[in-house]
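Asker: Those letters in the sequence shown? Residues 197 to 831, per this note's numbering, in order.
The following block contains the structure, expressed as structure tokens.
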Amino acid sequence: MEDHMSGISFRGLFILLAAFPPGLVAQTDFRVLPYLQNPAPEAITIVWFSNANSPGRLTYAKNNAPGITRASTPVPAAALAYSSWESETFFGRQAPAPPYRHQLRLTGLETGATYNYSVEQGASRFSASFKTAPAADHSIRFIVYADSETEPESTGQPVQWSDPTGRNFNRVYLLDQTLGYANNLAVINARHPDFIVIAGDLVESGGEQRDWDEFWRHQTHAEGAQSLAARTPLLAAPGNHEYYEGPALDGYNQPGSERAINKFRTYFDFPKNGSSDPEQEGRYYRLDYGPVTLIALDVANDSPHRSDRDTNFHLLGENDPAGGHAPAFAPGSRQYLWLEQQLREAQRRSRFTFVTFHHVPYSVGPHGWPPGEGSGFDDQSGVPVRALTPLFMRYGVDAVFAGHDEMWERSEITGEEIGADGLARGHKIQVYDVGIGGDGLRGPQVGLLNPHQKFLAHKDAPEIWDGPRLADGGKHYGHLEVEVAPLAADRWQAVFTPVYVFPIFDASGSTYLGYERRVYADVVTLISTSLPTAVDTKESGVPASFKLYPPHPNPFHHRVALRYDLPEPSKVEVKIYNLLGQPVRHLVDQVEPAGKHSVTWNGEDDTRVVLPAGVYLMFLRAGKFSRLAKTVLLR
Numbered sequence: 197m198e199d200h201m202s203g204i205s206f207r208g209l210f211i212l213l214a215a216f217p218p219g220l221v222a223q224t225d226f227r228v229l230p231y232l233q234n235p236a237p238e239a240i241t242i243v244w245f246s247n248a249n250s251p252g253r254l255t256y257a258k259n260n261a262p263g264i265t266r267a268s269t270p271v272p273a274a275a276l277a278y279s280s281w282e283s284e285t286f287f288g289r290q291a292p293a294p295p296y297r298h299q300l301r302l303t304g305l306e307t308g309a310t311y312n313y314s315v316e317q318g319a320s321r322f323s324a325s326f327k328t329a330p331a332a333d334h335s336i337r338f339i340v341y342a343d344s345e346t347e348p349e350s351t352g353q354p355v356q357w358s359d360p361t362g363r364n365f366n367r368v369y370l371l372d373q374t375l376g377y378a379n380n381l382a383v384i385n386a387r388h389p390d391f392i393v394i395a396g397d398l399v400e401s402g403g404e405q406r407d408w409d410e411f412w413r414h415q416t417h418a419e420g421a422q423s424l425a426a427r428t429p430l431l432a433a434p435g436n437h438e439y440y441e442g443p444a445l446d447g448y449n450q451p452g453s454e455r456a457i458n459k460f461r462t463y464f465d466f467p468k469n470g471s472s473d474p475e476q477e478g479r480y481y482r483l484d485y486g487p488v489t490l491i492a493l494d495v496a497n498d499s500p501h502r503s504d505r506d507t508n509f510h511l512l513g514e515n516d517p518a519g520g521h522a523p524a525f526a527p528g529s530r531q532y533l534w535l536e537q538q539l540r541e542a543q544r545r546s547r548f549t550f551v552t553f554h555h556v557p558y559s560v561g562p563h564g565w566p567p568g569e570g571s572g573f574d575d576q577s578g579v580p581v582r583a584l585t586p587l588f589m590r591y592g593v594d595a596v597f598a599g600h601d602e603m604w605e606r607s608e609i610t611g612e613e614i615g616a617d618g619l620a621r622g623h624k625i626q627v628y629d630v631g632i633g634g635d636g637l638r639g640p641q642v643g644l645l646n647p648h649q650k651f652l653a654h655k656d657a658p659e660i661w662d663g664p665r666l667a668d669g670g671k672h673y674g675h676l677e678v679e680v681a682p683l684a685a686d687r688w689q690a691v692f693t694p695v696y697v698f699p700i701f702d703a704s705g706s707t708y709l710g711y712e713r714r715v716y717a718d719v720v721t722l723i724s725t726s727l728p729t730a731v732d733t734k735e736s737g738v739p740a741s742f743k744l745y746p747p748h749p750n751p752f753h754h755r756v757a758l759r760y761d762l763p764e765p766s767k768v769e770v771k772i773y774n775l776l777g778q779p780v781r782h783l784v785d786q787v788e789p790a791g792k793h794s795v796t797w798n799g800e801d802d803t804r805v806v807l808p809a810g811v812y813l814m815f816l817r818a819g820k821f822s823r824l825a826k827t828v829l830l831r
């Protein structure tokens, strides 16, 4: 059942108190509270930042076992200094000194086990828990989003919200960016993911320390919406904003751009990529987690500068004269050769292979235009990243997670995978723009087409208005939830659920009441056969068994969807009953082919009379298979 959550701070307060029990909340010695990095089956990294140059003490234990205590070594984090402009503008030239970084890698842990941990720093103490990565035969759930672009100035600043009708060109979103992002994180927290991936543009200006302070307040600070990163490993790929020092600083120019990306690299501890340029560590990497492989890339720049291969006309990278260390990604580059090796290994190892980076290559957003300047072009285009598609197809990448265009769009690319056995098989790659984390909510560009597009929230989730109040649909902040689980006969399933966080208002449409987790009508299911190949038999595939999925959303206001699997052609009946056992609506009564099916109910009976709020039973019979599911209708 979906949670109907209050946007007023009571729920957030409850979560914070649960995470930080009374007596453990004084955190004045921490600049950034502890958070999790680089999860593995037998290890994990814990990072935090202190104000003082003094060691911390970390104690961890599984269940009631005796605790193990380790001391940290503080390292000056000079990269996290406030610029002189920030100090003068916001701190009266008295900005805090750079903090000290603490990092401990805990090893020798039990696979898939939960540990409690506490960190003492000066007089402050912080407690939370972590879970190690599971074995390769276990289910996992993770979350992906992009474009949170945090900055203190986001508070009180709702973004432009393009009108699908084209009538209102000055419309702004219903919430400001700070609250929208906080609500998104609260929904994510309630789903207890194994890890979180941010596909770039974590902050507004990578070189402005205040923007990073705002980011970590959202993730871990007691005054933020969630302390999510203290319990859930946080992964990320750099976006163009991580390379942007700021409008009042050096922008994308060097060396300011490298100063900006080094803040990103200071905060995160990712698996090593072994680059011959040590400055490229932390910019791209591979993580094996349970049954999947995740590969994060840096596609912020390529060469020649300002050519049709360049994703940023303002940034100079590793192959540009006077450039920084932003890695090239096109065929033949160091990152490309590394990527091919990782994909080759992942194809043999993992049930599913996922790739994340920032610049979405297929899009109808402003960065979907080809590289260039002027009308019909874009100087930070994602189109050059299409150079990686043949490699992705060759090694059977299942999904690509990107952002940059700040809209919810899914594309599907078809081709052939060459399996580890050398045989060619039909394959599809799902390409997502998940850039609705907490900043822009854009609509499509006029005249720009994406022939691969399968879903675009702007047009495929129409807004439903009840007078002045939005009742459902539309573009909202949200994320992609991915659940990977085993099926029968050595097959695996990956379900991609597009989640939007719907703001609830009173009948007048003027008083904000809270938010609700809802799902766009574009749930995608991939089926993986036995290794070494991963063949997509998405919605058209034949399921292994009969199955009834939970109604969604639940509770619901206007419509609820019921999905079910048929492994063979079957006579199907779907009916709605009230709690008196009386049938009130007949939805399906026919023979249906094998496959994945769904039906929706709008809360009306067979005579189209609107039924009252209450609990109803959704009944499915398919041959000899029958199941009941409960749903709650709200009015």
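C-beta atoms are modelled at their ideal positions from N, C-alpha and C, and glycine is treated no differently.
Tell me the DSSP secondary structure of glycine 513 in three-state form.
Answerer: Glycine 513: coil per DSSP, three-state reduction.
Asker: Note the first and the last residue of the continuous beta strand (DSSP E) segment covering tyrosine 689.
Answerer: It should be noted that the sequence gives glutamine, not tyrosine, for residue 689. Unbroken beta strand (DSSP E) run through glutamine 689: 688-701.
Asker: Could you check what DSSP says for phenylalanine 460 in three-state terms: helix, strand or coil?
Answerer: Correct three-state label for phenylalanine 460: helix.
Asker: Identify which residue in Ile772, Val697, His754 has its Cα closest to the Cα of leucine 381.
Answerer: For leucine 381, the nearest C-alpha among the options comes from Val697.
Asker: With a CB to CB cut of under 7 Å and the five nearest residues on each side skipped, what residues in its chain are close to arginine 582?
Answerer: The residues are Pro557.
Asker: Provide the residue span of the alpha helix (DSSP H) that contains serine 325, from first to last.
Answerer: From DSSP, serine 325 is part of no alpha helix (DSSP H) but of the beta strand (DSSP E) over 320-327.
Asker: For proline 746, I'd like the list of residues in its chain whose CB is within less than 7 Å of its CB, leaving aside the five on either flank, ordered along the chain.
Answerer: Only Ala825 meet the Cβ criterion.
Asker: Taking just the CA atoms, how far does proline 235 sit from arginine 804?
Answerer: The alpha-carbon atoms of arginine 804 and proline 235 are separated by roughly 53 Å.
Asker: Nearest to valine 355 by alpha carbon, out of Met603, Gly402, Pro567?
Answerer: The shortest Cα separation from valine 355 among Met603, Gly402, Pro567 belongs to Met603.
Asker: Restricting to runs no shorter than 3 residues, where is the beta strand (DSSP E) found entirely within the region 731-819?
Answerer: List check, beta strand (DSSP E) in window: 756-762, 766-773, 779-788, 791-797, 810-818.
Asker: Looking only at DSSP bridge pairs, what is tyrosine 313 linked to?
Answerer: The partner list for tyrosine 313 (beta bridge, DSSP) reads Tyr256, Ala324.
Asker: DSSP state of lysine 468, grouped into three classes?
Answerer: Three-state DSSP puts lysine 468 in coil, outside helix and strand.
Asker: Within 10 angstroms of its Cβ, does histidine 388 collect 16 or more other Cβ (buried), or is it exposed?
Answerer: Classification for histidine 388: exposed.
Asker: Cα separation between phenylalanine 210 and threonine 374?
Answerer: Per-residue confidence for phenylalanine 210 stands at a pLDDT of 30, beneath the threshold of 50, marking its modelled position as unreliable; no derived number is given.
Asker: Tell me whether phenylalanine 216 is buried or exposed, calling it buried when 16 or more other Cβ atoms sit within 10 Å of its Cβ.
Answerer: Below a pLDDT of 50, predicted positions are generally treated as unreliable, and phenylalanine 216, at 32, falls in that range; no measurement from the model is reported.
Asker: From the DSSP output, in three-state form, read off arginine 337 for me.
Answerer: Three-state DSSP puts arginine 337 in a strand.
Asker: By the three-class DSSP mapping on this structure, what secondary structure does alanine 526 have?
Answerer: Correct three-state label for alanine 526: coil.
Asker: Pairs of beta-carbons, one from the region 314-331 and one from the region 633-645, closer than 8 Å: are there three or more?
Answerer: At 8 Å Cβ cutoff, the stretches do not touch.
Asker: At the level of alpha carbons, what is the spacing between proline 779 and aspartate 801?
Answerer: Whole-angstrom Cα-Cα distance: 9 Å.
Asker: So, with DSSP's three-state summary, where would you put serine 571?
Answerer: Three-state result, serine 571: coil.
Asker: Counting Cβ pairs, one atom from each stretch, are 3 or more of them under 8 Å apart for the region 345-360 and the region 298-309?
Answerer: Contact between the region 345-360 and the region 298-309 is absent, because fewer than three Cβ pairs lie under 8 Å.
Asker: Name the DSSP bridge partner or partners of serine 724?
Answerer: According to DSSP, which records beta bridges pairwise, serine 724 is partnered with Trp688.
Asker: Could you have a look at glutamate 419 and say whether DSSP puts it in helix, strand or coil?
Answerer: Residue placement at glutamate 419 is poorly supported in this model, since its pLDDT is 40, which falls under 50; the coordinates are not used for a value here.
Asker: What's the call for arginine 479, buried or exposed, on a 16-neighbour Cβ count within 10 Å?
Answerer: Buried, since its Cβ has 16 or more Cβ neighbours within 10 Å.
Asker: Whose CA, out of Thr346, Arg502, Gly564, Ser280, lies closest to the CA of valine 399?
Answerer: Ranking the options by Cα distance to valine 399, first place goes to Thr346.
Asker: Give the range of the alpha helix (DSSP H) segment to which glycine 599 is assigned.
Answerer: Unbroken run through glycine 599 is the beta strand (DSSP E), 595-599; no alpha helix (DSSP H).
Asker: Please classify proline 607: does DSSP put it in a helix, a strand, or coil?
Answerer: Note that residue 607 is serine in the sequence shown, not proline. It is a strand residue.
Asker: If you draw a straight line from the C-alpha of proline 218 to the C-alpha of valine 315, how long is it?
Answerer: Confidence in proline 218 is poor, its pLDDT being 30 and thus under 50, which makes the residue's placement unreliable; the coordinate value appears in the next sentence. If you take the alpha carbons of proline 218 and valine 315, they lie about 15 Å apart.
Asker: Alpha carbon to alpha carbon, how far is threonine 265 from alanine 595? Give it in angstroms, no decimals.
Answerer: Approximately 40 Å, taken between the alpha carbons.
Asker: Thinking just about the alpha-carbon of each residue, which of Val811, Arg253, Gly304, Asn247 is nearest to the one in proline 294?
Answerer: Nearest C-alpha to proline 294: Asn247.
Asker: Check alanine 583 in the structure and name its three-state DSSP category.
Answerer: Correct three-state label for alanine 583: helix.
Asker: Give me the Cα-Cα distance between glutamate 238 and glycine 486, rounded to the nearest whole angstrom.
Answerer: C-alpha separation (whole angstroms): 12 Å.
Asker: In the structure shown, what three-state DSSP assignment does alanine 222 receive?
Answerer: For alanine 222, the pLDDT reaches just 48, beneath the cut-off of 50, and the residue's location in the model is therefore unreliable, although a value from the coordinates is still provided. In the structure shown, alanine 222 sits in coil (DSSP, three-state: anything other than H, G, I, E or B).
Asker: Considering only residues of the same chain and omitting the five flanking positions on each side of isoleucine 614, which have a CB-CB separation below 7 Å?
Answerer: Cβ within range, chain order: Arg590, Ala620.
Asker: In this structure, how does DSSP classify isoleucine 394 when only helix, strand and coil are distinguished?
Answerer: Residue state, collapsed to three classes: strand.
Asker: If you draw a straight line from the alpha carbon of isoleucine 723 to that of proline 739, how long is it in whole angstroms?
Answerer: Cα to Cα, the separation comes out at about 9 Å.
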